[in-house]
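What follows is a set of notes on a single structure, which appears directly below.
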Amino acid sequence: MLDYDYPLYRPPSEAKSLIFQVTLGCSFNVCSYCNMYRTKEYVERPLDEIKMEIDLASKHMQDTSRIFLADGDALNLPTDRMLQTLDYINLKFPNLERISCYAMPKNILEKSPEELKRIRDAGLSMFYIGIETGSDKILKKVTKGATAQTIIKSCQKAKDTGYT
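Numbering (my numbering) for the sequence shown: 878 to 1041.
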């Protein structure tokens, strides 16, 4: 039904979620421990393509309660684009309990508190942050692109804007 660009990943707790690939790949894609998206270039998919997939899925899965926005970097989307996507999803799926995605610490820190609140209010109720370790030495060695302090700041910012 949906034409996914494989490989396709999601957290285990999203096993029963409907997945929309709003991005392909990962905008960072250099963490030494992660090869999930090595075969893909990072692309922000056109909104009209995403809307067509949402329309198609909503005809067959109207009672969907969970949606996961893939690939590895959905929160990297510009805020207006994310809001348009979330608004359209909510229009087509009236029984949603949650929408979630992966988020890198830098994605959270680059958004203003107001942007994060607007995204939360539009329905993105949860994101998965890969913390991996609290050791700056190891974070640097594995090319995480974050320090323990930036991870803490991103988690605090998420909490301050309504994410739990």
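Note that beta-carbon positions come from the ideal geometry of N, C-alpha and C, so glycine has one too.
Check	Outcome
Residue nearest to residue 930 in terms of C-alpha spacing, selected from 879, 908, 1028	879
Residue range of the unbroken beta strand (DSSP E) whose run includes residue 954	Looking at the DSSP string, residue 954 is not in any beta strand (DSSP E), and its letter there is neither H nor E.
Through-space distance from residue 1009 to residue 911, alpha-carbon basis	11 Å
Distance CB(residue 927)-CB(residue 894) smaller than 8 Å	no
Coil, strand or helix - residue 887 by DSSP	coil
Residue 972 burial status per 10 Å Cβ neighbour count (16 or more: buried)	exposed
Spatial neighbours of residue 1096 in its chain, beta-carbon cut-off 6 Å, leaving aside the 5 residues before and after	Outside the shown range of the chain, which is 878 to 1041, sits residue 1096, and nothing can be said about it.
Cα-Cα separation, residue 922 to residue 896	14 Å
CA nearest to the CA of residue 969, picked from 937, 980, 956	937
Opening and closing residue of the alpha helix (DSSP H) in which residue 1032 lies	1025–1037
Nearest-angstrom beta carbon gap, residue 898 and residue 924 [assumed within contact, 8 Å]	Contact doesn't hold; Cβ gap of about 13 Å is too wide.
For residue 920 and residue 982, the rounded distance between their alpha carbons	19 Å
Span of the alpha helix (DSSP H), counted from its first residue to its last, around residue 934	924–937
Cβ pair residue 966, residue 1007 closer than 8 Å	no
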